[in-house]
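For the sequence shown, this note's numbering assigns the number 386 to the initial residue and increments by one for each residue that follows. All residues carry an ideal CB built from backbone N, CA and C; glycine is no exception.
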Amino acid sequence: MSSTQILQKTFGTIDKNTLILILDKLGVGNPLLSWFQLYLSDRLQFVSLFNKRSENIKVTSGVPPYHLY
């Protein structure tokens, strides 16, 4: 199992702000905590099917995958 798959299974449904608060309370400090915040913030996703694309929506939970095609 890859590290991305482990992160997806572990944090796939947790709210990003909750995750950051938990990491902070566990003593994860900067620069790692800041990296997590940047990595998980302001992400958008869309669906593309049969040459049509949905609108972008803001992602509020989950771990970013590499790419899904």
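Pick helix, strand or coil for residue i, following the three-state DSSP scheme.
i, result
"I405", "helix"
"S419", "helix"
"L425", "helix"
Thinking residue i and residue j are a contact (beta carbons under 8 Å), I'd like their distance in whole angstroms, please.
i, j, result
"L418", "K401", "Contact doesn't hold; Cβ gap of about 13 Å is too wide."
When you compare the CB positions of residue i and residue j, do they come within less than 8 Å of one another, or not?
i, j, result
"Q422", "I405", "yes"
For residue i and residue j, I'd like the C-alpha separation in whole angstroms.
i, j, result
"P416", "D409", "12 Å"
"I399", "D427", "16 Å"
"F435", "I407", "41 Å"
"K437", "T403", "34 Å"
"K443", "G414", "26 Å"
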